[in-house]
Structure formats: structure tokens, C-alpha cells
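In this note's numbering, the protein residues as written are 2 to 397.
All residues carry an ideal CB built from backbone N, CA and C; glycine is no exception.
Since the structure is predicted, the reported quantities are computational estimates derived from the model, not experimental observations.
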């Protein structure tokens, strides 16, 4: 209760990468509200508002969630979030049903109740289901249509006029406190967000970067002799983008450099899935259908990077670090046009990798099975590309 009293009214400002977050965690008591002033550093400029909210339930009282969050910016309702569709899919009900993310009748937003169990019906208390089943597995872990964001994270694109005032938050729950994280990230008038995905994260066409991924720190580490897969993602907010990129030399403060031949830049391409292979239940929900139709295909060599409107795209920079490379921090710039460029840093560590006869890599989520030809081809691909950033299965 003491921590609740401390944080229920006061919002502490802290620097968060390229943006600002208001309080490490803000807790709003039941049937209470709080007004947060937009930080001075954000006012008068277009920005992203990121609201992460969950209802805190006691152990033994589990539920999926409900419409508990009231949220107004400068006294007005916020428009639909840009990081997720305007509805949730309750996969615990068969056939699957849509649940609106925002209730216009109640003027409240859906908030996840954080627990290990999920109720069958968000509107009416009902039977309980393990989170590891349909809903948690398909919507969160696999990030189908980015519904992980729909439960917890809502991102709004604010105009310069909107980003000047106050954000009002209200917890309409009768008995339980609400935990929130509020972040602001200035867009600087840019249509495209560049970010380095967290290790292990699956980036799809509709993925949206988290606030810490938008910190602007494009930094990686490698050891001499290592092959490193550097992943860089781009998300368009409105219109499509077509960049003709150019990567500068990698040099450190002592004048040492890494040759351009050490870096193989590729763009992840997509292919249309056959209609017969798309589950019929996906066709009822546009976001599911888009994800099912657009399947990742190959890493292609291209000097042009096309990012469709309101979608995400992935660039792979496959680095092969020579064994004689001198340790240190190497800097480079990835230039897209006269107004868009990204500073990057690759730190070469003073380590020596041990030789291993095993091949490690994240290539597929399963082994090729008894198909000897497919298994040999996969192992050969791993040898050629040296993909060893993530360890999944060993081959000999």
C-alpha cells in the first residue's frame, strides 16, 4: 500500500533513450485518476505516445481483462492506435471472436489482467484457460498480427498540436490497481522508424518497435573471426519508402578499418502464400490474413530498400570479422538519402573464439527430419553464411 500511495499521483520524469518515459511504473488506485503534463522536450513536435497498461489481480483471482482504462489527451478521446488493429481476437472462444480494443459506449480501453490464466469471455466471468494455450501462444508468443501489443501496449501518433497539454488516465476497476508505463518518443517529422530488434524477436510485416528499441543506439559486438548477423528493421508510419542505401567505411579512432568485403548486406524478401494453404479462419480477420499471405522468403542482394506503407521491413548485415582484426570500437554511417542516415557502432572484443566442429544457427524452427538432401543443404547454407547469433540446434 505504501508504494501505491507514492506512485498513484506523482509521475517522475526520466530520460529514456531518444524519448522520455514518465515514471518507471505508475500505479493508479481503483476508481482513481491522474493527470500527466506532456514533457517540455516533447511539446510542440510530432511524437509517439506509448501506453503500456495492465490490471494487477491478486493470486487466485485470474481473468483475461476488460474495459478499465479511461484515457484522454487534452480533454479529447485518442484515435485508434497505430501499432495494432482496433480489436482483439479471443481465440479461447471457438469460432474465434473479435473484441474491440476500445469501447465507444463506455469510452474505455481494454486492459489486460496480468496473470497465468485467461478467461474465456472478457465481458462475462467464465471458465478459465491456461495462458500457454490458444490465446497466449498464438497471440503473444508467436506475435500473430502483433496482438501482444494489443493486450499491453497501445501506441498513438500525436501531431505537433496534440503534443502540447496533458494526458489524463483513469482506472475504472472497482477493486484492483492499474500498473502503467507512459513513454513519449519524438518522430522528428520522419515517416520511417529505424530500430535494432531485440535478440530473438520475430519481426513481421506488422511488427512495431518497443520504446527501448527506438532508443537510437545501433550498437553491436563481435569477436575476431566471428560471423555476425546484424539485424536492422524499418517501420513506416504513413507512406511507403524507397531508399537507395550506402554504407560508409568502418573505422576506429586509431585509424584501423574493416574492409567493405567483410559486410554482406541483404534485404528480406516476401512471397505470397498459396490461398489453399491459408487457414480458412484467418480469412475472416484482415490482420491474420495479411500475416498468413506474406511469408518471409529469401535474403536478396539489393541496393534499394522498399518499405511498404504502414509496414515493417528487415535488413540483414552479415559481417565476417577477420581473425586479425584489432579490438576496438568501429564506427560507420548507413546513408539512405540527404536527410536520413544512421550512425552505427561495432565493437570488436579482445577475445578469441574456440574452434568447434559443431555448426550453430537459427535457420528454421525445426530440423529437416529424414530428408538427407534437405539436411545437407541446410548445413551447407549455415556453413556459407555463418549464422551463429542465436543458438537453436547443433549439427555435426
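Query, Result
"Cβ distance (whole Å) where residue 352 is taken to contact residue 232 below 8 Å", "In fact, because the Cβ distance is near 22 Å, the residues do not count as touching under 8 Å."
"Residue 223 - containing beta strand (DSSP E), residue span", "220 to 223"
"Among 259, 113, 114 and 89, nearest to residue 102 - alpha-carbon criterion", "89"
"Cβ contact (3+ pairs, closer than 8 Å) linking the region 258 to 270 and the region 312 to 329", "yes"
"Stretch pair the region 332 to 346 + the region 241 to 253: three plus CB contacts closer than 8 Å", "yes"
"Distance CB(residue 82)-CB(residue 185) smaller than 8 Å", "no"
"Residue 177, DSSP secondary structure in three states", "coil"
"Touch test, the region 43 to 58 against the region 149 to 169, Cβ-Cβ under 8 Å, three pairs minimum", "yes"
"Chain-order list of residues whose beta-carbon lies under 7 Å from that of residue 240 (same chain, five-residue window excluded)", "192 and 310"
"Member of 344, 52, 86 and 375 whose CA lies at the smallest distance from the CA of residue 218", "344"
"Cα-Cα separation, residue 113 to residue 33", "18 Å"
"Test item: CB-CB of residue 346 and residue 330 under 8 Å", "yes"
"Per DSSP, cross-strand counterpart(s) of residue 337", "For residue 337, which the question treats as bridged, DSSP gives no partner whatsoever."
"CB-CB length for residue 299 against residue 274, believed under 8 Å", "Not a contact, Cβ separation roughly 15 Å."
"Pairwise C-alpha distance: residue 259 and residue 182", "41 Å"
"Uninterrupted beta strand (DSSP E) stretches inside the region 238 to 276 (no shorter than 3 residues)", "242 to 245 and 264 to 273"
"Burial state of residue 349 (16 or more Cβ within 10 Å)", "buried"
"Cβ-Cβ separation, residue 229 to residue 223 (assumed contact under 8 Å), whole Å", "4 Å"
"Own chain, CB closer than 8 Å to residue 6, minus 5 neighbours either side, in chain order", "A caution first: residue 6 carries a pLDDT of 32, below 50, which makes its placement in the model unreliable, though a value can still be read off. Cβ within range, chain order: n/a, list empty."
"Cβ-based burial, residue 131 [other Cβ within 10 Å; buried from 16]", "At residue 131 the pLDDT is 35, less than 50, meaning the model places this residue with poor confidence and gives no usable figure here."
"Residue 297 versus residue 272 - alpha carbon distance", "6 Å"
"Length of the line joining the Cα atoms of residue 122 and residue 100", "Residue placement at residue 122 is flagged as unreliable, the pLDDT there being 34, under the threshold of 50; the coordinate-derived value follows with that caveat. Each residue's alpha carbon lies about 10 Å from the other."
"Beta-carbon gap between residue 168 and residue 238 smaller than 8 Å", "no"
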